[in-house]
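Going by my numbering, the letters in the sequence shown line up with residues 89 to 341, in that order. Quick reminder that beta carbons are idealized off the backbone N, C-alpha and C, glycines included. Quantities reported herein were computed from a predicted structural model and do not represent experimental measurements. Just below is one structure, and these are the notes that go with it.
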Amino acid sequence: MVLERIISPDNYKGSYLKATLFGIIITAIGLTIGYNLFPDDAALAAIFFILIAAVPFFRTLMVQEERAEKTSHNLKEMIVRNKYALEYFFFFYAGIFLTYFVGALILPETIQSALFGNQFGVFKSVLGSFANQEHFYMILFNNLKIVILALILSLIYGAGALMILTWNASVLGVFLAQQGLQLWKYLPHAGLEFLGFFAASIAGGILSAGVEKHEVGTKNFKHVYEDALFLAIAAVLIIILAAIVEVYVFPIF
(Lines of atoms letter the chains of each structure in order from A; the text may use other names.)
(Lines give C-alpha, C1' and ligand atoms only; values in the text may rest on other atoms or scores of the structure.)
Protein backbone atom coordinates (compact mmCIF):
# COMPACT_ATOMS: atom_id res chain seq x y z
CA MET A 89 0.00 0.00 0.00
CA VAL A 90 1.09 3.58 -0.57
CA LEU A 91 0.85 4.51 3.13
CA GLU A 92 3.11 1.66 4.28
CA ARG A 93 5.69 2.57 1.61
CA ILE A 94 5.71 6.25 2.59
CA ILE A 95 5.97 5.67 6.34
CA SER A 96 8.59 2.92 6.21
CA PRO A 97 11.46 3.75 8.59
CA ASP A 98 13.86 2.83 5.78
CA ASN A 99 12.85 6.05 4.03
CA TYR A 100 14.05 8.12 6.99
CA LYS A 101 17.01 6.11 8.25
CA GLY A 102 19.88 8.26 9.45
CA SER A 103 17.87 11.48 9.51
CA TYR A 104 16.06 12.39 12.70
CA LEU A 105 15.04 15.66 11.09
CA LYS A 106 13.03 13.64 8.57
CA ALA A 107 11.44 11.66 11.41
CA THR A 108 10.43 14.91 13.11
CA LEU A 109 9.08 16.31 9.86
CA PHE A 110 7.08 13.14 9.33
CA GLY A 111 5.52 13.55 12.78
CA ILE A 112 4.70 17.17 11.94
CA ILE A 113 3.17 16.30 8.57
CA ILE A 114 0.91 13.47 9.74
CA THR A 115 -0.24 15.55 12.72
CA ALA A 116 -1.05 18.54 10.52
CA ILE A 117 -2.98 16.24 8.17
CA GLY A 118 -4.80 14.61 11.08
CA LEU A 119 -5.79 17.97 12.57
CA THR A 120 -6.97 19.25 9.20
CA ILE A 121 -9.09 16.17 8.48
CA GLY A 122 -10.47 16.07 12.00
CA TYR A 123 -11.51 19.72 11.96
CA ASN A 124 -13.09 19.66 8.51
CA LEU A 125 -14.78 16.25 8.51
CA PHE A 126 -15.63 15.80 12.19
CA PRO A 127 -16.09 19.31 13.65
CA ASP A 128 -18.17 18.04 16.58
CA ASP A 129 -15.35 15.79 17.81
CA ALA A 130 -12.31 17.14 15.99
CA ALA A 131 -9.84 16.47 18.83
CA LEU A 132 -10.41 12.71 18.96
CA ALA A 133 -10.78 12.44 15.19
CA ALA A 134 -7.36 14.07 14.76
CA ILE A 135 -5.79 11.55 17.15
CA PHE A 136 -7.44 8.73 15.20
CA PHE A 137 -6.01 9.86 11.85
CA ILE A 138 -2.55 10.33 13.36
CA LEU A 139 -2.72 6.75 14.63
CA ILE A 140 -3.62 5.43 11.17
CA ALA A 141 -0.13 6.47 10.04
CA ALA A 142 1.68 5.80 13.33
CA VAL A 143 0.60 2.18 13.88
CA PRO A 144 2.27 0.56 10.83
CA PHE A 145 5.26 2.88 11.33
CA PHE A 146 5.67 1.71 14.92
CA ARG A 147 5.25 -1.98 14.14
CA THR A 148 7.77 -1.89 11.29
CA LEU A 149 10.30 -0.08 13.44
CA MET A 150 9.96 -2.49 16.37
CA VAL A 151 10.32 -5.58 14.18
CA GLN A 152 13.36 -4.13 12.39
CA GLU A 153 15.12 -3.09 15.56
CA GLU A 154 14.42 -6.16 17.70
CA ARG A 155 17.74 -8.03 17.68
CA ALA A 156 19.10 -10.63 20.05
CA GLU A 157 22.80 -10.59 19.24
CA LYS A 158 23.94 -10.18 22.85
CA THR A 159 22.57 -9.64 26.31
CA SER A 160 22.26 -6.12 27.66
CA HIS A 161 23.83 -6.24 31.12
CA ASN A 162 22.74 -2.77 32.15
CA LEU A 163 20.57 0.13 31.08
CA LYS A 164 23.42 1.84 29.22
CA GLU A 165 24.08 -1.23 27.06
CA MET A 166 20.36 -1.57 26.33
CA ILE A 167 20.11 2.06 25.24
CA VAL A 168 23.18 1.76 22.99
CA ARG A 169 21.86 -1.45 21.48
CA ASN A 170 18.44 0.05 20.70
CA LYS A 171 19.73 3.57 20.05
CA TYR A 172 18.26 3.87 16.57
CA ALA A 173 14.73 2.82 17.54
CA LEU A 174 14.68 4.96 20.68
CA GLU A 175 16.00 8.11 19.03
CA TYR A 176 13.98 7.68 15.87
CA PHE A 177 10.70 7.14 17.67
CA PHE A 178 11.45 10.00 20.07
CA PHE A 179 11.96 12.48 17.23
CA PHE A 180 8.84 11.19 15.50
CA TYR A 181 6.80 12.06 18.59
CA ALA A 182 8.68 15.34 18.98
CA GLY A 183 7.13 16.27 15.64
CA ILE A 184 3.65 15.54 16.98
CA PHE A 185 4.34 17.59 20.11
CA LEU A 186 5.71 20.54 18.12
CA THR A 187 2.68 20.62 15.84
CA TYR A 188 0.26 20.80 18.75
CA PHE A 189 2.48 23.34 20.52
CA VAL A 190 2.63 25.69 17.52
CA GLY A 191 -1.04 25.14 16.72
CA ALA A 192 -2.03 26.18 20.23
CA LEU A 193 0.03 29.36 19.78
CA ILE A 194 -1.08 30.55 16.35
CA LEU A 195 -4.49 29.10 15.48
CA PRO A 196 -7.61 31.25 15.96
CA GLU A 197 -9.46 30.72 19.22
CA THR A 198 -12.50 29.13 17.55
CA ILE A 199 -10.34 26.51 15.83
CA GLN A 200 -8.40 25.88 19.04
CA SER A 201 -11.64 25.24 20.92
CA ALA A 202 -12.63 22.59 18.38
CA LEU A 203 -9.23 20.91 18.02
CA PHE A 204 -7.88 21.22 21.56
CA GLY A 205 -11.01 21.32 23.73
CA ASN A 206 -10.36 17.90 25.28
CA GLN A 207 -6.74 18.79 25.97
CA PHE A 208 -7.78 22.02 27.69
CA GLY A 209 -9.99 20.00 30.03
CA VAL A 210 -7.13 17.68 30.96
CA PHE A 211 -4.62 20.32 32.00
CA LYS A 212 -7.15 22.36 34.00
CA SER A 213 -7.22 19.50 36.49
CA VAL A 214 -3.41 19.35 36.39
CA LEU A 215 -3.13 23.02 37.35
CA GLY A 216 -5.49 22.46 40.22
CA SER A 217 -3.23 19.91 41.93
CA PHE A 218 0.12 21.48 41.06
CA ALA A 219 2.38 22.30 44.02
CA ASN A 220 0.11 20.53 46.50
CA GLN A 221 2.19 18.07 48.52
CA GLU A 222 -0.92 16.23 49.65
CA HIS A 223 -1.40 15.12 46.05
CA PHE A 224 2.09 13.61 45.67
CA TYR A 225 1.00 9.97 45.94
CA MET A 226 -2.10 10.58 43.86
CA ILE A 227 0.01 12.10 41.08
CA LEU A 228 2.58 9.30 41.36
CA PHE A 229 0.06 6.45 41.34
CA ASN A 230 -1.95 7.93 38.47
CA ASN A 231 1.18 8.24 36.34
CA LEU A 232 2.35 4.75 37.30
CA LYS A 233 -1.04 3.41 36.20
CA ILE A 234 -0.47 5.04 32.81
CA VAL A 235 2.99 3.42 32.64
CA ILE A 236 1.50 -0.01 33.37
CA LEU A 237 -1.29 0.57 30.88
CA ALA A 238 1.22 1.63 28.21
CA LEU A 239 3.28 -1.50 28.85
CA ILE A 240 0.29 -3.83 28.63
CA LEU A 241 -1.29 -2.17 25.61
CA SER A 242 1.96 -2.01 23.64
CA LEU A 243 2.51 -5.71 24.38
CA ILE A 244 -0.92 -7.02 23.38
CA TYR A 245 -2.23 -4.20 21.19
CA GLY A 246 0.34 -1.76 19.85
CA ALA A 247 -2.18 0.86 18.78
CA GLY A 248 -3.30 1.28 22.39
CA ALA A 249 0.13 2.41 23.59
CA LEU A 250 0.48 4.65 20.55
CA MET A 251 -2.82 6.26 21.45
CA ILE A 252 -1.51 7.01 24.95
CA LEU A 253 1.71 8.50 23.56
CA THR A 254 -0.05 10.55 20.91
CA TRP A 255 -2.63 11.81 23.38
CA ASN A 256 0.05 12.78 25.91
CA ALA A 257 2.12 14.50 23.21
CA SER A 258 -0.95 16.53 22.24
CA VAL A 259 -1.78 17.42 25.85
CA LEU A 260 1.83 18.37 26.57
CA GLY A 261 2.05 20.55 23.46
CA VAL A 262 -1.21 22.40 24.12
CA PHE A 263 -0.53 22.67 27.85
CA LEU A 264 2.94 24.19 27.49
CA ALA A 265 1.80 26.56 24.75
CA GLN A 266 -0.81 28.02 27.09
CA GLN A 267 1.58 28.70 29.97
CA GLY A 268 3.42 31.68 28.48
CA LEU A 269 6.04 33.00 30.88
CA GLN A 270 5.15 30.26 33.37
CA LEU A 271 6.34 27.61 30.91
CA TRP A 272 9.58 26.95 32.80
CA LYS A 273 7.65 25.83 35.91
CA TYR A 274 5.87 23.02 34.10
CA LEU A 275 8.30 21.90 31.40
CA PRO A 276 10.62 19.81 33.65
CA HIS A 277 8.04 17.54 35.25
CA ALA A 278 5.78 17.40 32.18
CA GLY A 279 8.72 16.44 29.99
CA LEU A 280 9.82 13.77 32.46
CA GLU A 281 6.32 12.30 32.59
CA PHE A 282 6.14 12.02 28.82
CA LEU A 283 9.63 10.47 28.76
CA GLY A 284 8.47 7.87 31.29
CA PHE A 285 5.37 7.01 29.25
CA PHE A 286 7.54 6.88 26.13
CA ALA A 287 10.01 4.44 27.72
CA ALA A 288 7.18 2.19 28.93
CA SER A 289 5.59 2.05 25.49
CA ILE A 290 8.90 1.23 23.82
CA ALA A 291 9.53 -1.50 26.40
CA GLY A 292 6.21 -3.12 25.60
CA GLY A 293 6.84 -2.74 21.89
CA ILE A 294 10.25 -4.43 22.11
CA LEU A 295 8.75 -7.30 24.11
CA SER A 296 5.86 -7.64 21.67
CA ALA A 297 8.28 -7.84 18.73
CA GLY A 298 10.29 -10.43 20.64
CA VAL A 299 7.23 -12.60 21.21
CA GLU A 300 6.44 -12.32 17.51
CA LYS A 301 9.93 -13.34 16.33
CA HIS A 302 11.17 -15.72 19.06
CA GLU A 303 9.68 -18.56 21.04
CA VAL A 304 9.10 -17.73 24.69
CA GLY A 305 11.75 -19.35 26.89
CA THR A 306 14.54 -19.36 24.32
CA LYS A 307 17.86 -17.59 24.78
CA ASN A 308 17.01 -14.99 22.16
CA PHE A 309 13.72 -14.18 23.85
CA LYS A 310 15.53 -13.82 27.18
CA HIS A 311 17.74 -11.13 25.66
CA VAL A 312 14.69 -9.25 24.39
CA TYR A 313 12.97 -9.61 27.76
CA GLU A 314 16.00 -8.12 29.53
CA ASP A 315 15.97 -5.09 27.22
CA ALA A 316 12.27 -4.54 27.88
CA LEU A 317 12.76 -4.97 31.63
CA PHE A 318 15.55 -2.38 31.75
CA LEU A 319 13.35 0.12 29.91
CA ALA A 320 10.34 -0.59 32.13
CA ILE A 321 12.40 -0.02 35.28
CA ALA A 322 13.76 3.20 33.79
CA ALA A 323 10.19 4.33 33.05
CA VAL A 324 9.13 3.80 36.68
CA LEU A 325 12.18 5.66 38.01
CA ILE A 326 11.56 8.59 35.65
CA ILE A 327 7.92 8.83 36.75
CA ILE A 328 8.96 8.88 40.42
CA LEU A 329 11.48 11.63 39.65
CA ALA A 330 8.80 13.59 37.77
CA ALA A 331 6.46 13.49 40.77
CA ILE A 332 9.24 14.67 43.09
CA VAL A 333 10.12 17.54 40.75
CA GLU A 334 6.47 18.55 40.37
CA VAL A 335 5.55 18.56 44.04
CA TYR A 336 8.75 19.23 45.98
CA VAL A 337 11.16 21.11 43.69
CA PHE A 338 9.39 23.71 41.58
CA PRO A 339 6.87 24.91 44.19
CA ILE A 340 9.91 26.35 45.98
CA PHE A 341 10.47 28.87 43.17
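- As the crow flies, the alpha-carbon of Glu-314 is around 19 Å from that of Leu-241.
- Membership of His-311 in the alpha helix (DSSP H) is indicated by the continuous run 307-332.
- The C-beta distance from Ala-130 to Ala-202 rounds to 5 Å, short enough to meet the 8 Å contact threshold.
- Spatial neighbours of Ala-265 in its own chain (CB-CB distance under 7 Å, excluding positions within 5 residues in sequence) are listed in chain order as Phe-189, Ala-192, Leu-193.
- Boundaries for Tyr-336: no alpha helix (DSSP H) harbours it, and the DSSP string shows neither H nor E there.
- Note on Glu-175: under 16 other CB atoms within 10 angstroms of its CB, so exposed under the neighbour-count rule.
- Here Leu-317 has Ala-291 as same chain residues with Cβ atoms under 8 Å from its own Cβ, once five neighbours each way along the sequence are excluded.
- Out of Ala-330, Pro-276, Leu-105, Val-235, the CA that lies nearest to the CA of Phe-180 is found in Leu-105.
- Spatial neighbours of Lys-310 in its own chain (CB-CB distance under 6 Å, excluding positions within 5 residues in sequence) are not present.
- Val-262 sits in a helix when the DSSP states are folded into three classes.
- Of all alpha-carbon atoms in Phe-285, Pro-127, Ile-113, the one lying nearest the alpha-carbon of Thr-198 is that of Pro-127.
- Under the three-state reduction of DSSP, Pro-144 is assigned to helix.
- The beta carbon of Ala-288 sits closer than 7 Å to the beta carbons of Val-235, Ala-238, Leu-239, Ala-320, Ala-323 from its chain, once the five residues preceding and following it are set aside; these are given in chain order.
- Excluding residues up to 5 positions away in sequence, Leu-280, Leu-283, Gly-284, Ala-287 lie with their Cβ nearer than 7 Å to the Cβ of Ile-326 in the same chain.
- Thr-254 and Ile-135 do touch by the CB rule: their CB atoms are close to 6 Å apart, below 8 Å.
- Annotation: the continuous alpha helix (DSSP H) that includes Val-235 extends over 224-244.
- Annotated three-state conformation of Val-304 is coil, per DSSP.
- When DSSP states are grouped into helix, strand and coil, Phe-126 belongs to the coil group.
- If the five residues before and after Leu-329 are omitted, its C-beta is found closer than 7 Å to the C-beta atoms of Leu-280, all from its own chain and listed in chain order.
- Cβ contact annotation for Ile-227 (same chain, cutoff 6 Å, sequence separation greater than five): Ala-331, in chain order.
- One alpha carbon belongs to Trp-272, the other to Ala-182, and they sit about 18 Å apart.
- Across the set Val-333, Phe-110, Thr-108, Ser-103, the C-alpha of Val-333 shows the shortest separation from the C-alpha of His-223.
- Residue Thr-148 holds the alpha-carbon nearest to the alpha-carbon of Gly-298 among Leu-132, Thr-148, Ala-107.
- Between Ile-112 and Leu-186 the beta-carbon gap is near 6 Å, inside 8 Å, which marks them as a contact.
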